[in-house]
Ligand SMILES: Nc1ncnc2c1ncn2[C@@H]1O[C@H](COP(=O)(O)OP(=O)(O)O)[C@@H](O)[C@H]1O
Ligand SMILES: [Mg+2]
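In this note's numbering, the protein residues as written are 161 to 372.
Below is the structure:
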């Protein structure tokens, strides 16, 4: 289980955003992509998550080139979870739906789900299954985003500035939860300019400022 980028390059409208990036993401590790704003952290994260096409180089998932649409969809459906700076929740849906992505039971009566209960407890949202995402605070929303990755038991977790909108307490909690996902065996890739978060990573990959 790994993601290997070799000599990865992205050029958009003639501008070189990424050039010659080589790195490996391994299970059990947190890898932080760091560098100044605009240096290409999000672009690289999206390349590693197979969301963005490369202009050069390769990204291998488990040693396989996952460039086909079928392979990419399979990767997203089964193996990957994405955590965004702006939480990426469906505001009008319940917390339970946002974490499990499973339609609510008949008559919207929540289905008993011990695993969901346990994960919500882990992220500090115990008993809040039926609440609508829109009523959660920013920190709670981001913890819900992490809960979704934990619930999915994703092999690969991609997080783009996951602590950027959070207060210090929630920053610490979310950092701890991402570490926990890695300890459980996931490969956790984080684009961040949060030094505290980056300092906890097993691998730090610095991107220089982009050049035309
Ligand atoms: N689809 C796109 N079209 C044009 N420019 C883009 C596109 N995506 C990213 N860029 C540019 O690439 C550079 C790197 O962006 P990004 O990966 O978002 O950096 P970071 O996440 O480090 O702030 C920026 O200058 C940005 O404007
Ligand atoms: Mg970014």
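Using N, Cα and C, we set each Cβ at its ideal position, and we do this for glycine too.
Contacting residues, own chain, Cβ-Cβ under 7 Å from residue i (five flanking each side not counted)
i           : result
residue 342 : 188, 189, 190, 348
residue 252 : 292, 294
residue 167 : 180, 182, 216, 217
residue 205 : 193, 318, 320, 349, 351
Supposed close pair residue i, residue j - CB separation, criterion 8 Å
i           : j           : result
residue 192 : residue 352 : 6 Å
residue 247 : residue 302 : 6 Å
residue 194 : residue 364 : 6 Å
residue 296 : residue 304 : 6 Å
Reduced DSSP secondary structure (H/G/I, E/B, other) of residue i
i           : result
residue 202 : helix
residue 333 : helix
residue 163 : strand
residue 279 : helix
residue 209 : coil
residue 366 : strand
residue 230 : helix
residue 288 : coil
residue 260 : helix
Reference residue i, options the options, closest by Cα
i           : options            : result
residue 312 : 181, 328, 280, 176 : 280
residue 360 : 198, 255, 337      : 337
residue 330 : 315, 183, 298      : 298
residue 243 : 258, 317, 300      : 317
residue 309 : 194, 286, 345, 328 : 345
residue 237 : 314, 174, 340, 339 : 314
residue 321 : 249, 197, 234      : 197
residue 229 : 241, 240, 202, 210 : 210
Proximal residues to residue i (C-beta, below 6 Å), its chain only, five neighbours per side dropped
i           : result
residue 357 : 323, 335
residue 362 : 189, 190
residue 163 : 185, 208, 221
residue 372 : Here residue 372 scores only 46 on pLDDT, less than 50, and its place in the model is too uncertain to base an answer on.
residue 202 : 320, 351
Proximity test, Cβ basis, 8 Å: residue i and chain C
i           : result
residue 299 : Annotation note: the requested chain C is absent from the structure, which comprises a single protein chain.
Residues near residue i by beta carbon distance below 8 Å, same chain, minus five either side
i           : result
residue 250 : 257, 258, 293
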